[in-house]
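Some notes on the structure that comes next.
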Amino acid sequence: LLMDRLEQALASGNRHKRKGALLFIDLDNFKTLNDTLGHDHGDLLLQQVAERLSRCTREGDTVARLGGDEFVVMLEDLEENAFDAANQAEVVAIKILSELNQTYWLGVNEHHSSPSIGVTLFGEKSETIAEPLKRADLAMYQAKAAGRNTIRFFDPKMQVLVSQRVALEEDLRDAMLNEQFELYYQAQLTDDGKLFGAEVLIRWNHPTRGMISPAEFIPLAEETGLISILGYWVLYTATNQLAKWRDQPEFSDLVIAVNVSPSQFHQKNFVEQVTDALELTQADPQRLKLELTEGFSIANMEDVIAKMNRLKAVGVGFSLDDFGTGYSSLSYLKRLPLDQLKIDQSFVRDILVDPNDAAISKMVIVLAESLGLAVIAEGVETPEQQAFLAQQGCHAYQGYLYSKPLPLAQFEEFARKVFHSN
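Everything in the sequence shown is counted per the working numbering, starting at 1 for the first residue and increasing by one.
So, in structure tokens, the structure goes:
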């Protein structure tokens, strides 16, 4: 139906010199909802989205679902002038953005979602129906790249960016097959110089581009669904290393901290992923700590707590990373079965010169103490920062003052030196 209507609109626009617009709408993090609450809830959301889109458009406009979580809205009979037509399309896009950000009720579950919207005009020249669809799709990807929950109009320069993104996605799939990933280890020490653990950080050693930052490929892995495979590889590799260290006195007491992304954690079989990795490698669960970010405590709290409790029961520990950077309430924090709070490096960086950063860091330390949790500061780069944190009651640190993230062999060399110096 959409293709027929678009074909007619293109022909009509050419005849009457009127513009039209295509809005390509993709729901952000829809896969996470399906993985967490199931496809029935996903279908309920899609029905409500379709109803809201219809409310945002005129009677003669077309609303169609392309498949999955993608919708297209076609606006016809816009102004002849491209600038005016773009303004008309933008008004509708803003209305849709606002409407789709309102709360959804999926049975008894409250859900928040947002769209990424790509917009393109058509009717300026004779073209096939595939061309405006492709432009709107490219614009939508640009909206996602800009941080999601936003609107982007098609820009010819996008083509290059999207092509790069597609190439990176293909490379990411190849990297998994060709073992291009490796783990780096960043030391965690106490103020008396004892090494007690390390955070593992994934690195992608690309054959032509060199080291690619996780900030570039982790969001892509989440969007493409590859995060499940990548996340399990990290878990397996980390627990396998723990098992290898078990009989070496320099390493046998170390705890490895593994970052877990929200989309990975919300997979139905996440607990099984962790327990399978532990069983396969025969690693001690008490030497594994999972680092969650503050966003975990916002969505589907009961699921988060249930999964954490199941893993706590076998001995796995939990740290809340980036604490203080988000907006989770203290009531959430009190309910989470945590072992540790981590002071984010954004507060540590200016802790000596910014009273707000100092106050937040003190608050985290006091809060951790009152809840019976350990506390660690990341991003510690100077002795003065370390001394200030120690004075406030934080006695565990991670940062360049001690060591940057290191490949395995270099980390083991560092750990041996620390062990023998103590």
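Note that CB positions come from ideal geometry on N, CA and C, so glycine has one too.
With 16 or more other Cβ atoms from the protein chains shown falling within 10 Å of its own Cβ, TRP204 counts as buried. Check the Cα spacing between SER261 and each of ILE229, PHE24, PHE181 and PHE154: the tightest is with ILE229. Around the beta-carbon of GLU222, 16 or more other beta-carbon atoms lie within 10 Å, marking it buried. By the criterion of a C-beta distance shorter than 6 Å, ALA358 is surrounded in its chain by ILE351, once the five residues flanking it on both sides are discounted.
When DSSP states are grouped into helix, strand and coil, ARG203 belongs to the strand group. Secondary structure note for LEU75: its beta strand (DSSP E) is the uninterrupted segment 70-78.
At the C-beta level, ARG135 and ALA143 stay beyond 8 Å of one another. As computed with DSSP, LYS334 is found in no beta bridge at all. Between the beta-carbon of VAL380 and that of SER361 there is about 11 Å, and that puts the pair past the 8 Å contact cut. The beta carbon of ARG287 sits closer than 6 Å to those of LEU242 and VAL255, all from its chain and outside the five residues before and after it, given in chain order.
Considered as a whole, the region 171-259 harbours 181-190, 195-206, 210-212 and 255-259 as its complete beta strand (DSSP E) runs of no fewer than 3 residues, in chain order.
Between the alpha carbons of GLN248 and PHE196 lies a distance of about 14 Å. Within the model, the alpha-carbon separation for THR62 versus PHE24 is close to 12 Å. In the three-state scheme derived from DSSP, where H, G and I count as helix and E and B as strand, GLY372 is classed as coil.
Rounded to the nearest whole angstrom, the CA to CA distance from MET176 to SER263 is 19 Å. Within the model, the alpha-carbon separation for ASP40 versus LEU33 is close to 10 Å.
Taking a C-beta distance under 8 Å as the contact criterion, VAL119 and ALA145 do not qualify as a contact pair.
According to DSSP, residue pairing for ALA21 in a beta bridge involves LEU75 and LEU121. When rounded, the separation of the alpha-carbon atoms in PRO355 and ALA187 is 28 Å. Comparing C-alpha distances from ASP344 to each of VAL364, VAL92, ARG173 and LEU330 shows the shortest one belongs to VAL364. By alpha-carbon distance to LEU389, the top candidate from ALA306, ALA283, THR190 and ALA238 is THR190.
Check the Cα spacing between GLY38 and each of GLY315, LEU408, ASN269 and VAL92: the tightest is with ASN269. According to the DSSP assignment, ASN34 belongs to the alpha helix (DSSP H) that extends over 30-37. Taking the Cα of TYR400 as reference, the smallest distance to any Cα among GLN48, LEU278 and ALA377 is reached at ALA377. Here DSSP, grouped into helix, strand and coil, assigns ILE365 to helix. Between the alpha carbons of LEU408 and TRP245 lies a distance of about 12 Å. CA-CA distance, PRO156 to LEU138, rounds to 9 Å. Sequence-distant partners of LEU201 (beyond 5 residues in either direction) whose C-beta falls short of 6 Å from its own C-beta, in its chain, are TYR184 and PRO405. Residues of the same chain with a CB within less than 7 Å of the CB of LEU53, apart from the 5 flanking positions on each side, are VAL63, PHE71, VAL73 and ILE96 in chain order. Separation of the CB atoms of ASP339 and GLU291 is rounded to 11 Å, and the pair is thereby denied contact status at 8 Å. Beyond the five residues adjoining it in sequence on each side, ALA283 comes within less than 6 Å, by CB distance, of THR239, LEU242 and ALA243 in the same chain, given in chain order.
The alpha helix (DSSP H) runs of length 4 or more contained entirely in the region 256-282 are, from start to end of the chain, 262-265 and 270-281. With respect to the 8 Å criterion, LYS19 and ALA82 are classified as neighbours on the basis of their beta carbons.
Around the beta carbon of HIS266, 16 or more other beta carbons lie within 10 angstroms, which makes this residue buried. When the Cα atoms are used, ASN309 and VAL418 turn out to be separated by approximately 34 Å. Per DSSP, the continuous beta strand (DSSP E) segment holding ASN109 begins and ends at 109-111.
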